[in-house]
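In terms of the numbering used here, the sequence shown has 235 at position 98, counting the first letter as 1, and numbering is strictly consecutive. Quick reminder that beta carbons are idealized off the backbone N, C-alpha and C, glycines included. Quantities reported herein were computed from a predicted structural model and do not represent experimental measurements. Here is the structure we will look at, set down as structure tokens.
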Amino acid sequence: MADILEIFTAAFWAEYGAIITRGIWETFIMTAVSTLFAYLIGLPMGVVCVLTQPHGIRPNRAVNTVLGWIINIGRSLPFIILMIAIQPFTKLVVGTKIGIKGAIVPLVVSAAPFIARMVETSLGEVDAGVVEAAQSMGASTFQIVWKVYLPEARPSLVLGGSVVLIAIVGYTAMAGAMGAGGLGDLAVRYGHQRHVPSMMWVTVAFLILLVQVVQSVFSRLSVRIDKRLK
138 MADILEIFTA AFWAEYGAII TRGIWETFIM TAVSTLFAYL IGLPMGVVCV LTQPHGIRPN
198 RAVNTVLGWI INIGRSLPFI ILMIAIQPFT KLVVGTKIGI KGAIVPLVVS AAPFIARMVE
258 TSLGEVDAGV VEAAQSMGAS TFQIVWKVYL PEARPSLVLG GSVVLIAIVG YTAMAGAMGA
318 GGLGDLAVRY GHQRHVPSMM WVTVAFLILL VQVVQSVFSR LSVRIDKRLK
């Protein structure tokens with residue numbers, strides 16, 4: 138109990154305030170950058186999966202099967218194992234295996250397949266009649282994706298985005314344990330190795346707060362853009 142109460146003292150924040158602020162900022166950077174790049178990879182993958190399904194508008198069994206295997210393999214690897222396994226690739230891409238840069242590559246590689254499957258599921262919920270109507274009007278594949286699939290699936294995609302962000306926040310904490318920085322690094326270096334339990338409680342509190350904010354914001358946004366609720 139005394140450890141928890143310590144975080145409400147001026148002395149604690151005078152000593153660790155700057156360190157905690159830096160840890161929060163590093164977590165934010167890792168989450169934002171890796172989410173952006175993961176979506177740039179995962180979103181097209183998910184779209185292609187939907188288009189090339191047997192009942193899709195551009196069925197292609199070979200492409201769909203290969204892409205499905207890639208996504209499944211990517212999703213099946215635990216993040217810690219993946220982070221270690223692709224260290225040579227990480228160094229090749231960003232020039233280092235550690236720090237924020239060293240964490241972003243495995244974060245992207247881990248999150249992209251997750252996003253792809255989430256996008257595939259969301260687009261798969263779009264009413265087939267709407268897609269068929271667009272096809273009958275002569276819409277191109279790109280037009281159907283841009284003007285039918287993505288707009289119709291927006292509420293589901295937004296809710297899926299909150300799940301992705303929360304997962305990546307959790308991954309950043311694990312990356313911190315491997316020297317990537319952020320709140321996970323503070324929890325390990327100070328909370329565990331230097332025996333400062335109050336630091337552990339602070340990092341847990343901020344992570345919980347971050348998750349709650351993300352979930353609340355995305356849930357409200359999903360409701361606002363869901364035309365079925367209007």
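- request: Ignore the nearest five residues each way along the sequence and tell me which others in L320's own chain have a CB closer than 7 Å to its CB.
  value: G160, I161, T164, A310, G313, T340, F343, L344
task: Assuming L347 contacts V301 (C-beta within less than 8 Å), just tell me the rounded distance between them.
output: About 14 Å separates the two Cβ atoms, so there is no contact after all.
query: Is the beta carbon of S335 less than 7 Å from the beta carbon of I144?
result: yes
message: Assuming P250 and G205 are in contact, meaning their beta carbons sit under 8 Å apart, how far apart are those beta carbons, in whole angstroms?
response: Between G205 and P250 the Cβ distance is about 10 Å, and since that is not below 8 Å, they are no contact.
field: Length of the line joining the Cα atoms of Q272 and I281
entry: 8 Å
- prompt: What do you reckon, are the CB atoms on S299 and F355 nearer than 7 Å?
  reply: yes
- prompt: With distances taken between CB atoms, is the gap from G328 to A253 smaller than 7 Å?
  reply: No, these two residues do not count as a Cβ contact at 7 Å.
field: Closest by C-alpha distance to A265, when choosing among L188, I237, A169, R361
entry: L188
message: Tell me the DSSP secondary structure of D264 in three-state form.
response: coil
message: Using only CA atoms, which one of Q349, M337, M274 lies nearest to Y153?
response: M337
query: From L214 to R291, what distance separates their C-alpha atoms?
result: 28 Å
Nearest residue (CA-CA) to P296, options S247, S359, M274: First, the residue type needs correcting, since residue 296 is Leu and not Pro in the sequence shown. From the listed residues S247, S359, M274, the smallest Cα separation to L296 is found for S359.
task: Would you kindly report the start and end of the unbroken alpha helix (DSSP H) that includes I232?
output: Correcting the residue type first, residue 232 is Gly in the shown sequence and not Ile. Looking at the DSSP string, G232 is not in any alpha helix (DSSP H), and its letter there is neither H nor E.
- prompt: Between which two residues does the alpha helix (DSSP H) carrying P334 extend?
  reply: 334 to 362
task: May I have the straight-line CA-CA distance separating I157 from I235, to the nearest angstrom?
output: 19 Å
field: Which of helix, strand or coil DSSP assigns to Q190
entry: coil
S277, DSSP secondary structure in three states: coil
task: Report, in whole angstroms, the separation of the C-beta atoms of M167 and L244, which I expect to be a contact under 8 Å.
output: 6 Å
- request: Alpha carbon to alpha carbon, how far is V256 from Y308? Give it in angstroms, no decimals.
  value: 20 Å
Backbone secondary structure at M315 - three-state DSSP: coil
query: Within 10 angstroms of its Cβ, does S277 collect 16 or more other Cβ (buried), or is it exposed?
result: exposed
- request: Specify the secondary structure class of I252 as computed by DSSP and reduced to three states.
  value: DSSP places I252 in helix when its eight states are reduced to three.
8 Å CB neighbourhood of V200 in its chain, flanking five on each side removed: The answer, listed in chain order, is V185, T189.
message: Which same chain residues end up closer than 8 Å to A304 when comparing Cβ atoms and leaving out the 5 residues on each side of it in sequence?
response: Same-chain partners within the cutoff: A248, F251.
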